[in-house]
Ligand SMILES: Cc1cc2nc3c(=O)[nH]c(=O)nc-3n(C[C@H](O)[C@H](O)[C@H](O)COP(=O)(O)OP(=O)(O)OC[C@H]3O[C@@H](n4cnc5c(N)ncnc54)[C@H](O)[C@@H]3O)c2cc1C
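Residue numbers (UniProt numbering): 1 to 432.
Below, the structure is given as structure tokens:
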């Protein structure tokens, strides 16, 4: 099996998926140019943790030069509590819980040596690595096929100038509203991110600001309280400066709340300036009177630890839950690929988005090492995306609806697994 010669790779989007791919490619000696529309190196998470699933852990153990510094809170499993805060069930399920910021700065340290509070002394990158350029304030607008290459058009956000760069491979890692995906699959308003009918309200409170009584109930576990049409969960993630010390960590909660696509949705998603949003409200944008109603609901219905978490949150982050998937992962004869959220968006229940980014990346490494073809890569990443997305729909439907909707989602999931199993078997039987 032969490795490919050095490629010039343009990655659109420099978040988790873009950086993972950038690190892997430059370590293989390819030249990587990340075009990121944000103008700031120092960015914030969305007040929500990120689980480092098995593939993300595998990625970090292979590529992280700073492995000796822990990046996540080790959480032993899930515990379910009732309204009186009594334990109902414990499921042993070890998880590594981190934050977007922790992961982003760790990846930046590994990609281009960015110094941050989270990674103050990045190790020197190997001299045999390819170029690694992280280019801020560059919004990609279009792609043109040019023989064996692709021309990438982007706007310099500061000067408004339109520029072009040539690439052998373009990686669309530009998130769930991917501009790259839209070039090939222009969406209708509804199709882009169809609303699942419920909201995720998120908040994060410094552990030291939470009472000892609540901390005693939560311990170090992923704790869940469930009631009809609502469930809320909490777990600890690294603190604002990346600290993993108890007390300095953040207790991160996500509250799933049914909110049909009508008057109530408009009420919640209309921000303090009167503008209505379709998918997210950043912290500080939710109208105080709306949050007051939510707090009252929590006080009347939730177990005490969750009441405290909600009461101590003044500026939640609100997201309308949705999911989607693109039918293809490669375009322009494999010169353009989609990865991470640009390829498929999962509902947050399964917490596998960073895992998908790592999976796509580790599979691409196999292509570049000549172990699998690009066609096989596409099959693998689409297969992973389809089954994980549907699993996220099943979990969301179980928690928010139940009944016939749940039966339907489980049937779709079972058929999908069956179809994937049959196709794998046929390929295995007909392999030459
Ligand atoms: C600032 C930020 C904070 C986040 N915080 C959290 C969190 O706390 N918890 C959580 O679960 N998830 C969070 N996410 C989402 C999370 O990163 C993803 O769900 C997942 O990790 C997969 O990441 P991704 O790289 O595929 O997509 P994303 O993380 O969405 O990254 C897409 C990147 O592409 C850039 N981009 C988009 N369009 C263009 C364009 N046309 N040209 C150039 N660049 C473009 C965006 O600015 C962004 O940096 C956050 C994302 C961002 C960008």
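For every residue, glycine included, the Cβ atom is placed at its ideal position computed from N, Cα and C. The structure presented is a predicted model; accordingly, all values stated were derived computationally and were not measured.
Looking only at C-alpha atoms, which of the options sits nearest to residue i?
i	options	result
residue 206	198, 250 and 164	250
residue 235	58, 400, 398 and 75	75
residue 336	27, 7 and 169	169
residue 402	355, 300 and 231	231
residue 352	426, 390 and 128	390
residue 361	314, 18 and 181	18
Taking only beta-carbon positions, decide if residue i is within less than 7 Å of chain D.
i	result
residue 266	Of the chains in the structure shown, none is chain D; there is only one protein chain.
Which of the three DSSP states is assigned to residue i in this structure?
i	result
residue 175	coil
residue 69	coil
residue 101	helix
residue 51	strand
residue 204	strand
residue 349	helix
residue 421	helix
residue 185	coil
residue 280	strand
residue 403	helix
residue 45	coil
residue 249	coil
residue 132	strand
Hey, how far is the Cα of residue i from the Cα of residue j?
i	j	result
residue 78	residue 297	24 Å
residue 344	residue 385	6 Å
residue 65	residue 123	7 Å
residue 375	residue 215	50 Å
residue 1	residue 367	Annotation note: pLDDT 45 at residue 1 (below 50); position unreliable, coordinate value reported separately. Each residue's alpha carbon lies about 10 Å from the other.
residue 256	residue 130	44 Å
residue 428	residue 40	48 Å
residue 287	residue 270	8 Å
residue 183	residue 143	8 Å
residue 201	residue 50	15 Å
residue 185	residue 326	8 Å
residue 103	residue 21	14 Å
residue 60	residue 67	8 Å
residue 224	residue 10	42 Å
residue 404	residue 128	57 Å
Counting C-beta neighbours from all protein chains within 10 Å, is the total for residue i 16 or more, i.e. buried, or is it exposed?
i	result
residue 272	exposed
residue 24	buried
residue 54	exposed
residue 328	exposed
residue 431	exposed
residue 378	buried
residue 316	buried
residue 333	exposed
residue 180	buried
Between which two residues does the beta strand (DSSP E) containing residue i stretch?
i	result
residue 77	73-81
Which residue marks the beginning of the alpha helix (DSSP H) containing residue i, and which one marks its end?
i	result
residue 380	374-400
residue 24	16-27
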